[in-house]
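Note that UniProt numbering numbers the sequence shown so that position 79 is 79, with each residue one more than the last.
Beta carbons are placed, not taken as given, at the ideal position from N, Cα and C, and that holds for glycine.
Taking it in order: structure first as structure tokens, then the write-up.
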Amino acid sequence: MAKTKIDTVEEFQQIADSGEPFLFFKNSLTCPIAQAAYEQFEAFSEENDSVNAYYLNVQEARPLSNYIAETYGVKHESPQALLFKDKQVAWNESHWKITKDSLTKNVL
């Protein structure tokens, strides 16, 4: 499934309000760990179409990144993968623990 970049709280809220499960990735444009994790997220997203995938670049969407952390009570990290189910965070992981395998085990 294709991943979609979003930048605003309004875009995110529309997705969250749908009630459908989705995977969300917080990316950093300056962190080499984030680049590796993004590649894992991308590989997972391209091979799995059972869950919608979205991402943001923290440097471009800081208000949205902060909103997610504050609204859902999940400490901000970057890179960070979050699985939303039933309008709440059901699972999250960060840094080197974001792998295609960990995403497959926890998202599908």
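* To do: Throw me the rounded Cβ distance for the proline 63 and cysteine 31 pair, which I believe falls under 8 Å.
  => Walking along the sequence shown from the start, residue 63 turns up at place 63. Walking along the sequence shown from the start, residue 31 turns up at place 31. Actually they do not touch by this definition, with Cβ atoms about 19 Å apart.
* To do: Assign lysine 100 to one of three DSSP states: helix, strand, or coil.
  => Translated into positions along the sequence shown, residue 100 becomes position 100. Helix at lysine 100.
* Report the rounded CA-to-CA distance for phenylalanine 24 versus tryptophan 96, giving the unit in angstroms. => As a working mapping, residue 24 is identified with position 24 in the sequence shown. As a working mapping, residue 96 is identified with position 96 in the sequence shown. One C-alpha to the other measures close to 16 Å.
* Which one of His76, Gln14 and Glu10 has the shortest CA to CA distance from valine 58? -> Taking the first residue of the sequence shown as position 1, residue 58 is located at position 58. Checking every option, the nearest Cα to that of valine 58 belongs to His76.
* **Three-state secondary structure assigned by DSSP to lysine 65** => Counting from 1 along the sequence shown, the entry for residue 65 is found at position 65. The question names lysine, but residue 65 is serine in the sequence shown. Looking at serine 65 - three-state DSSP - the assignment turns out to be helix.
* Could you tell me how far apart the beta carbons of aspartate 7 and leucine 56 are, in whole angstroms, since I believe they sit closer than 8 Å? => Counted from its first residue, the sequence shown places residue 7 at position 7. Counted from its first residue, the sequence shown places residue 56 at position 56. Confirmed, about 6 Å.
* **Own chain residues within Cβ distance below 8 Å of glycine 19, not counting five before or after** => Taking the sequence shown and counting its residues from 1, the one referred to as residue 19 is at position 19. Only Asp86 and Lys87 meet the Cβ criterion.
* Report the three-state DSSP secondary structure of threonine 4 (helix, strand or coil). => Working through the sequence shown from its first residue, we reach residue 4 at position 4. Of the three classes helix, strand and coil, the one that applies to threonine 4 here is strand, per DSSP.
* Asked: Would you say leucine 83 faces chain B, with C-beta separation under 8 Å as the test?
  -> Protein chains in the displayed structure number just one, and chain B is not present.
* **DSSP-derived helix/strand/coil call for lysine 105** => Walking along the sequence shown from the start, residue 105 turns up at place 105. Correct three-state label for lysine 105: helix.
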